[in-house]
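So the protein sequences, as listed, match chains A and B. Going by the numbering used here, the first residue of the first sequence is number 383, and it counts up by one from there. Going by the numbering used here, the first residue of the second sequence is number 383, and it counts up by one from there. Every residue gets a Cβ at the ideal spot worked out from N, C-alpha and C, and that includes glycine. Small disclaimer: the values here were computed from a predicted structure and weren't measured. The structure appears right after this line, and notes come after that.
There are 2 protein chains.
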Amino acid sequence: MVKQERAVRTRKSLIQAAAAVFAEEGYVPSSLATISKRAGVSNGALHFHFANKKALAQAVEEAAVEVIRQLVQVSDRSGTNALQSLVDATHGLVGRLLEDIVVRAGFDLSAERALGGDTALMRTWQAWVEETMRRAEADGHLAPGVEPDDAAAAIVAVTVGLEVLAGGDPQWLAERRIVGFWKLLLSGIATDDVLVSAWPAGGRAQTAVDVLER
Amino acid sequence: MVKQERAVRTRKSLIQAAAAVFAEEGYVPSSLATISKRAGVSNGALHFHFANKKALAQAVEEAAVEVIRQLVQVSDRSGTNALQSLVDATHGLVGRLLEDIVVRAGFDLSAERALGGDTALMRTWQAWVEETMRRAEADGHLAPGVEPDDAAAAIVAVTVGLEVLAGGDPQWLAERRIVGFWKLLLSGIATDDVLVSAWPAGGRAQTAVDVLER
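In structure tokens form, the structure reads like this:
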């Protein structure tokens, strides 16, 4: 393995280890020694890649932002309507929160007071939700009187709330919770036309009627 | 002032000071020395009342739980229907989160990984929201097909999410956000009859039509 490849691999394993330690212990009490040990690298190697814990936290969050960017790009390119894109992306996000420790730690960090809150991860997710909701409005898919920014805010607040609550009980991120939320929200915001063809369980699920009658 | 009164007062000022320090610095980095200094009492006095930081955190949370209990009792006794009780209590909760540092710190603590998450405060709020939503169902105020537990989960997730997001930007707890959320949710869950007489801005606001047409 050439030197550069090894450096990339070490950096990646440090980010994974930091995410795991932050997620288990919280950002503030985590020590760099625990993180380097978990990554199986020396303290010196850690400091070669990251000046301090804050730099490591930023790298974890950037990695999580990249996952979110890819996730919303997939939703954007799926050729479905804007509201269905939002449903699909929410399911995708919850899947990543359950499976990918970097995404979970990235969300926790973005709510971390010690880092100032209101970070890139939250802004990326919020910006895409707002933009996509305005696209739904432009396409005439929102019921009369629905403010796209209100609907976007509800989605952002619910995703953040579910992630925080899941720290105490993972059932908050269960598939049925997300489906239940979308059934309610879609009835509140979508036009009747869009509602009958919407899939609250996500685009690759069975027909809309199956889901709504469950 | 008799001795007992002074003890009660000292205990109360320690809880207030702890809430302020936890809210500003986060639970884990806060020191007992900072808290006793802020309360204007000696370290000895602090230790007379609280064995350690965890005991202080529990006292903050218990004080917050008591505020929530009173809040939902007021909503229960208002003689309004169950859905309007939920709207009113949410507005009440957000008001307390903005004004009362103990309530805000209590919510933060209940999402604190170091304390194990899933605490009494969250359980108290969630239990009341679930119970009240089931009352709405029993009264026939939920639209056909609406699962009361889904609706309750959405409310709990939104309140938690808004509180966390407000750590970065207090605008997340702005009155119009809560009104906007309830307008959407009520259209999704309430029967048409209940919807026309519901006040998303809370029970003491102007008529429903004013609010809905804003």
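- Assignment of beta-bridge partners to A/A525 by DSSP yields no partner.
- Counting only runs of 3 or more residues that sit fully inside the stretch 437-485 of chain B, no beta strand (DSSP E) segment turns up.
- Taking the C-beta atoms as reference points, B/L428 is found no nearer than 7 Å to B/A400.
- Contact annotation, A/E443 with A/G488: C-beta distance approximately 5 Å; criterion of less than 8 Å satisfied.
- For the pair A/K394 and A/S492, the Cα-to-Cα distance works out to about 20 Å.
- In the structure shown, the three-state DSSP call for A/A502 is helix.
- The C-alpha of B/A556 lies about 42 Å from the C-alpha of A/S418.
- Its Cα nearest to that of A/H473, the residue A/I537 stands out among A/R517, A/K385, A/I537, A/L577.
- Scanning chain A for C-beta atoms nearer than 8 Å to the C-beta of B/G474 yields nothing, as the closest lies near 18 Å away.
- In the three-state reduction of the DSSP assignment, B/A487 falls in the helix class.
- For A/V528, the residues of chain B that pass the 9 Å Cβ criterion are K565, L566, S569, in the order they occur in the chain.
- Contact between the stretch 471-485 of chain A and the stretch 517-536 of chain A is not established, with fewer than three Cβ pairs separated by less than 8 Å.
- A/T541 is positioned such that its CB atom lies no closer than 7 Å to that of A/I450.
- The C-beta distance from B/A580 to B/L480 rounds to 23 Å, too long to fall under 8 Å, and the pair is not in contact.
- Listed along chain A, no residue sits closer than 9 Å to B/A509 by beta-carbon distance, the nearest being about 14 Å off.
- Here A/K436 is exposed, its C-beta having fewer than 16 other C-beta atoms within 10 Å.
- Beta-bridge partners assigned by DSSP to B/A572: B/L524.
- In chain order, A539 make up the part of chain A whose C-beta sits under 7 Å from the C-beta of B/L544.
- In the three-state reduction of the DSSP assignment, A/D532 falls in the helix class.
- Using a Cβ-Cβ cut-off of 7 Å, A/R559 counts as an interface residue toward chain B, since at least one Cβ of chain B sits closer than that to its own.
- Buried is the label assigned to B/P582, since at least 16 other Cβ atoms lie within 10 Å of its Cβ.
- Under the three-state reduction of DSSP output, A/A405 falls in the helix class.
- Closer than 9 Å at the C-beta level to chain B, one finds these residues of the stretch 394-414 of chain A: A405, E406, E407, G408, Y409, V410, P411.
- Exclusion of the five residues before and after B/T392 leaves A421, V423, A427, H431 as the residues of its chain whose Cβ lies within less than 8 Å of its Cβ.
- By the neighbour-count criterion, in which a residue is buried when 16 or more other Cβ atoms sit within 10 angstroms of its Cβ, A/D470 is buried.
- By the CB criterion at 7 Å, B/I571 and B/V511 fall outside the cutoff.
- In this structure, A/T573 lies near A/A525, with their beta-carbon atoms less than 7 Å apart.
- Taking all protein chains in view, the Cβ of A/V390 is surrounded by fewer than 16 other Cβ atoms within 10 Å, so the residue is classified as exposed.
- Here A/Q398 is buried. Its C-beta has 16 or more other C-beta atoms within 10 Å.
- Ranked by Cα distance from B/L468, the first of B/A405, B/A445, B/H523, B/A433 is B/H523.
- Counting along the chain, the unbroken alpha helix (DSSP H) around A/L428 starts and ends at 425-431.
- For A/S418, the secondary structure class from DSSP, reduced to helix, strand or coil, is helix.
- The DSSP-derived three-state label of A/V578 is helix.
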